[in-house]
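Data block below; observations after.
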Ligand code: B12
Ligand code: B12
Ligand SMILES: Cc1ncc(COP(=O)(O)O)c(C=O)c1O
Ligand SMILES: Cc1ncc(COP(=O)(O)O)c(C=O)c1O
């Protein structure tokens, strides 16, 4: 299956996306945020909470004071040297009121060295997990695409682990643990294994570890590598990315705009955070997943395909700029046009094929129908099956399975089973369609795909002219206007001053292939 | 969507089918059967039952005695003249033991004339119903294809009528009333409105009338012509066809081999009966539906596509030979490959497209998955939805809707509703696919279709060589061997002797375009 | 009126379809366990038509059975909100004529709930399924506070704007979080002694009018609600309550 | 062992899914009528998640609710036929060793039932899902009489061939026609005083071993049965009964 896309137009689209990304990257590399600094603490090995339940990375960065002068790395390293203690011990002492963050010029050179060493150690741990993944894949095998991606969302990590195993036994390739409502608005990462959540389970490092172990245990039984996912997006993107890197998550939801549009997080904050979080994801070999599917829940699906395409191009440009190679850029899109609309299936097919063709090397992620499904679970199941057909016929890489109770509740154990069984059946039964059918030149499907691409390029031109911050403020994405100075978390953004030190950036930034040239 | 079919091969296929049909037709035109003679009685206006419940047409033909000398028409007409009575009155008198069938040479010429007049009257009634259908279609409109065809099967004709109306309100275009189990083995047509049946409702003239009226009443409300269907196949093909003609059925299941293969009816009997019943169907403007779908319930669907194709070609040749024009030949085929088989959807698509292309002017009828569906009603519903997609994408004319409880029970009211809603949605959503996608030359789908056609031609060659009676005896169709002299109802076949008179054949046979030349 | 029972194949057969998962292996004993489960729950003539393994020790069942009890529709109280079938123009005309001033409406998705598409559909210009939203009504002043609004803030805004009606959306229902959050708002209004000042309305896909009333709301709107129905009901109710101008 | 309840979202929640049609219009009162119907049938915390019009006076409901009662799996009697897990070769070897003669089996779809695919799957050469049918067993003489065989004829054939086992298929179940027809055969055997002479086995997609036993059969085989299980059970049972050679 292949569309007759205008090469000139696609090249224009990629160039525009790079041009749009450039000013964002300029802003990002010039700033830091509270969560970026907390990430330094986490990667230095700081974990746990104080007696009020405040995570120690927050205790440290709060101690740093507003403006985050110079960043956390040096003061923390200095304190380590002065107290001859580990970062964790310093944090605990600080929490107990027994310490302050040093600013001792005498030990500065030594501190820089310590910071650099701690960073290299963290980097080694991350790279080791990456290597472990490669080993396990070699040992247990990698599933065919589309990968079957399911979510668990009980609120209780132990039930989640059990249901993740059930799903894997049934055939799931990727398991995502959905977060509890509103976690993305917390300016800290909760701690420990959790058993209470609404609409999902808290993303914590311990919870990651719990489900990771459950899946690792099962690989010999199911005979394939099982992937684990969680969400970076929110107010703690880089911290969660760090947790994910340490606990060997395989994919992470990481969108450059999701927090802005869907959680009213400040745009400047998000653009800084996504950059560093993506750098970590990239280093960890984690596939990022972007969230363009969400646009179609607040805008009409059949009118907004071009916003999805434009956004995937921008998300890709920003991911490349953060050092993520294309095989780790899982751009998102969705089967989300009203099923009662005449021609819907053809239009979905066209968009899915367009995304596939635009990004041949990306593990694109296809999201299921959600908004227009109803409590008629039979109808939802059938629509989901059609989504599976389009997914395999257009060669999607990651298929987030549609659940028949999408409009009712977070998936029951058996709901997920039905979804997996349907996907397995349809993928096998329809796989040869991809080589069997081709778009009729000038037919409705090809025209639709070409039209969406043309509209996307037109939108990219406007965004490029206006600049990304203004485009978002105008509500051009997801019909949701977000001003540059609005939203949560802006107070946590600070300029990287001249004395700013971040040994991770020193380690990783130079390796970037040069974002401006994409 | 169009397949690159070898014109030489398709022409060969049609020619072989004609050649296979010829000896069958030779046999059919040389014989009559008890039900053919009872049909004469019915069309002469005889209806009702005797005090033991035996239908009067049976009383008459039983009186004729074995060998059916000369046919019923003349003796009955003679009795009418001698007694100055209508055929109905003669039949009643006969049943009461007050009359015999005359063989009075004196009135023979007059009787021939009366018989011819009675036949012309019956023909006028049939033609009037046909005209009425055309009027009603002009008035209320004809639905788009694929027509939504559903079955009702409660056993009680009044519930059937109610459910037929509910289905029509929901969007059904064609309603079939399924017959009670084993009616096809009755060598008579039951009488009156019936309220007891198993797995279906008896096909009686009164029952036809009851549902016909229910649908006619609803046309103004739903704004389209509503079609009614029943089954001719069995031991009473021409009689039921006559009832259908008189009560304005619009479609009738009428297969030249179904009774033989699936009801173990004698092959000679069936070939005679199908001929006369089809002549009546043709005259009545009724679309016949053949039953190739059934083959795939006793044979494996993925191995037997070519038997379906071969059979449609033979069924078509026999229908043309009985005077039915192509727009009334609704050849049947089915979506019946095991859904767990890799490539199943591609193979189904290939077969559906092949049938569509072979018979561009026939209102082909597409039958749903039945054998491989299970009590997992969610799975069955999703498979049915895929069947709907393939149906509309390949341009099927009549789509017998899949029911989610196919493997459980005859359809509940709501089961049918879900089927209709799914079909309506998918047909609208996927209609443009037909003009959007084309088979890739040399791709798996095209190769599959070409392979099935080649196998069908090969089978036709073998059948042509062996002759149809032997082919059936060998079990080449539906994996079910049926010897020429086996099965039910052979005792009801008789040669048309030299004195044989059938005014209907005299009326209709000369109009046939000459079956031997197709 | 007499009791009615479900209609499956024919009138009076009482058939219902069920599916459920039991923590037992999907082995040779599963069918009888499933049947016994159904019988213990009062279902008659149960049939298990499908058993699938949902995990090693989990069996998924699809079943049909006859309900033991019917229901008398006449005896059932409660229904969806009954609003006058008025359109955009009529509602505005009604407010102008009967109240002579703009109705002030404040709305939000409260507490942890970030789902705004529902409340937006009712309040924003664009509306829902071709029916304009409250913002477009010249005789309604509609203020949509958006997502995850704490109850305290919603009340403050309502007070500052002298609202006539408070509109609350709740979409996430897992572990009854919606019931808790909706109750919190009622408690807050009562604690401040201002419950009577507002028409208190909630909506969401898992809410019903009856349930809303149980929680202390004046009305609850379920899935598929349209702005004009909501507007019509509010106008009618304010007029009926003879609210001073 | 303790009682178990259904597992929906989490352990112990007791959730079941239902769907049903009530003869009421799908209007504003339908939801409450549906909820009351569920409550009257003992279901707890019912939720109606979908209402569709199945006709003018017919509403189709999809619902979720909690079951009021659990079930103790240990206390449940009965199970599918327990046959030795033997394959083709083992079963033949067993018959040869223990009986030393061929087992004779006569089978049919009886009375009005024309569905032969099930009995063919068990008896014919080809078998089912890769498992050979009884005809292929050198130590079984299998006679398949086909469709719509009257009970009288089946019995006659069994007598003439001195069958060890009679195999009956019943697929159509509407209005309990299968129960009637199966009972007819048992009655006939008893009337002739030959019931004990045969292993009497039935099968079909809506049959269970327990139900078959209630009707007076020795065993009943449900959906997905395989020839080797049936053959294994018959061989084992004949041996256990110490049937004279
Ligand atoms: C869109 C969507 C989102 C978007 C929301 C974007 C936004 N700005 O609103 C995003 C992607 C951000 C999202 C996130 C989450 N969601 Co969400 N989401 C949905 C989805 C797909 C559609 C909801 C929707 O927009 N419906 C369309 C509107 C028009 O319908 P409606 O809300 O019913 O509104 C109508 C009526 O109810 C009524 N109404 C509604 N409110 C009000 C208020 C008043 C006053 C009145 C009068 C009427 C009224 O009128 C409206 C018009 O008719 C549903 C699934 C579904 N199909 O229902 C899940 C769903 C609601 N989400 C769910 C969950 C769990 C979440 C998350 C927690 C995790 C997750 N699964 O992603 C997060 C966190 C959200 C949070 N903190 O609350 C669950 C809730 C489960 C439950 N019952 O508890 C659902 C059911 C999906 C599922 N099966 O898991 N979600
Ligand atoms: C194929 C089929 C037909 C074919 C039969 C061809 C033939 N030669 O058998 C034809 C087209 C002729 C037909 C006709 C009718 N059928 Co039919 N048919 C089916 C269908 C699609 C598949 C049945 C099948 O072959 N299954 C595959 C076999 C392998 O499975 P099985 O029978 O369950 O057998 C297994 C086990 O049960 C067991 N088993 C079965 N028998 C026995 C016996 C013994 C001794 C043992 C040990 C084991 C055993 O072992 C087998 C292998 O595992 C079903 C729907 C479905 N998907 O179930 C409807 C179905 C059975 N038919 C039905 C009906 C009503 C009819 C008709 C009355 C009307 C109609 N709808 O067309 C007619 C009349 C038939 C009559 N007089 O009996 C209904 C029955 C409803 C009910 N529960 O009462 C069904 C369920 C369809 C429906 N939903 O309406 N049918
Ligand atoms: C890109 C992305 N990030 C994060 C989330 C989840 O975020 P939250 O935890 O805020 O619901 C989603 C959910 O749809 C998403 O698409
Ligand atoms: C062509 C044809 N005729 C007749 C029938 C129904 O026949 P009976 O009444 O024997 O079940 C069918 C059912 O599938 C059929 O396909």
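Protein chains in written order, with my numbering: chain P, 393 to 910; chain W, 393 to 910; chain V, 132 to 376; chain G, 132 to 376.
We treat Cβ as the ideally placed atom computed from N, Cα and C, and that holds for glycine.
query: Should the stretch 578-586 of chain W be regarded as contacting the stretch 440-456 of chain W, the criterion being three or more beta carbon pairs within less than 8 Å?; result: yes
query: How big is the Cα-Cα spacing for residue 250 of chain V and residue 787 of chain P?; result: 37 Å
query: Using only CA atoms, which one of P:491, P:692, P:736 and P:720 lies nearest to residue 828 of chain W?; result: P:736
query: If you draw a straight line from the C-alpha of residue 335 of chain G to the C-alpha of residue 356 of chain G, how long is it?; result: 9 Å
query: Would you say residue 361 of chain G lies against chain P (beta-carbon separation less than 8 Å)?; result: no
query: Assign residue 401 of chain W to buried or exposed, taking buried as 16 or more other Cβ atoms, counted over all protein chains shown, within 10 Å of its Cβ.; result: exposed
query: Got a sec: which bits of the stretch 794-806 of chain W sit with their beta carbon under 9 Å from any beta carbon on chain V, in order along the chain?; result: 797, 799, 800, 801, 802, 803, 804, 805 and 806
query: Who are residue 629 of chain W's beta bridge partners in DSSP?; result: BP columns for residue 629 of chain W are empty, so no partner.
query: State the Cα-Cα distance for the pair residue 163 of chain V and residue 556 of chain P, rounded to the nearest angstrom.; result: 28 Å
query: Mind checking who residue 887 of chain P pairs with in its DSSP beta bridge?; result: P:423
query: Which residues, in chain order, does the stretch 577-608 of chain P contribute to contact with chain V at a C-beta distance below 8 Å?; result: 577, 590 and 591
query: Suppose the cutoff is 7 Å on Cβ atoms and the five residues either side in sequence are ignored; what does the same chain contact list for residue 900 of chain P look like?; result: 671, 675 and 715
query: Determine the chain V residues that contact residue 768 of chain W at a beta-carbon separation under 8 Å, and present them in chain order.; result: 181, 183 and 193
query: Let me confirm a value: residue 360 of chain V is counted as buried when at least 16 other C-beta atoms fall within 10 Å, else exposed. Which label applies?; result: buried
query: Could you work out which residue in W:821, W:839, W:809 and W:626 is closest to residue 541 of chain W when comparing CA atoms only?; result: W:809
query: Is residue 210 of chain G near residue 159 of chain V, with beta carbons less than 8 Å apart?; result: yes
query: In its own chain, which residues sit with a C-beta less than 7 Å from the C-beta of residue 464 of chain P, not counting the 5 before and 5 after it?; result: 429, 432, 433, 452, 453 and 456
query: Count the other CB atoms within 10 Å of the CB of residue 905 of chain W; is the residue buried (16 or more) or exposed (fewer)?; result: Note that residue 905 of chain W scores a pLDDT of 45, beneath 50, so its modelled location is shaky and nothing firm can be said.
query: From residue 686 of chain P to residue 792 of chain P, what does the alpha carbon distance come to, in whole angstroms?; result: 13 Å
query: Quick one: what's got a C-beta closer than 6 Å to residue 879 of chain P's C-beta in the same chain, skipping five residues either side?; result: 656, 657 and 658
query: Using a Cβ-Cβ distance cut-off of 8 Å, determine whether residue 140 of chain G contacts chain P.; result: yes
query: Taking Cβ-Cβ distances shorter than 7 Å, what residues in chain W pair up with residue 836 of chain P?; result: 824, 827 and 828
query: Quick one: is residue 275 of chain G buried, meaning 16 or more other Cβ sit within 10 Å of its Cβ, or exposed?; result: buried
query: Which whole-angstrom value is the C-beta distance of residue 703 of chain W and residue 871 of chain W, which I expect to be below 8 Å?; result: Not confirmed; about 13 Å, so no contact.
query: When the distance is taken between beta carbons, is residue 370 of chain G closer than 8 Å to residue 330 of chain G?; result: no
query: Cutting at 6 Å between CB atoms, please list the residues of its own chain near residue 823 of chain W, excluding the five before and the five after it.; result: 784
query: Tell me whether residue 752 of chain W sits in a helix, a strand or coil according to DSSP, three-state version.; result: coil
query: For residue 546 of chain P, go through chain G and note every residue whose CB falls closer than 7 Å to its CB, in chain order.; result: 140 and 141
query: Using a Cβ-Cβ cutoff of less than 7 Å, which residues in the same chain neighbour residue 170 of chain G once the five nearest sequence positions on both sides are dropped?; result: 177
query: For the candidate residues P:481, P:653, P:531 and P:523, whose alpha-carbon lies nearest to that of residue 277 of chain V?; result: P:653
query: Return helix, strand or coil for residue 738 of chain W, following the three-state DSSP convention.; result: helix
query: Output needed for residue 741 of chain W: all residues of its chain with C-beta closer than 8 Å, excluding positions within five of it in sequence on either side, in chain order.; result: 782, 785, 786 and 837
query: Quick one: what's got a C-beta closer than 8 Å to residue 892 of chain W's C-beta in the same chain, skipping five residues either side?; result: 424, 462 and 463
query: Whose C-alpha, out of G:222, G:323, G:185 and G:227, is nearest the C-alpha of residue 264 of chain G?; result: G:222
query: With three or more beta-carbon pairs closer than 8 Å as the criterion, would you say the stretch 532-548 of chain P touches the stretch 408-421 of chain W?; result: no
query: Which of the three DSSP states is assigned to residue 576 of chain W in this structure?; result: helix
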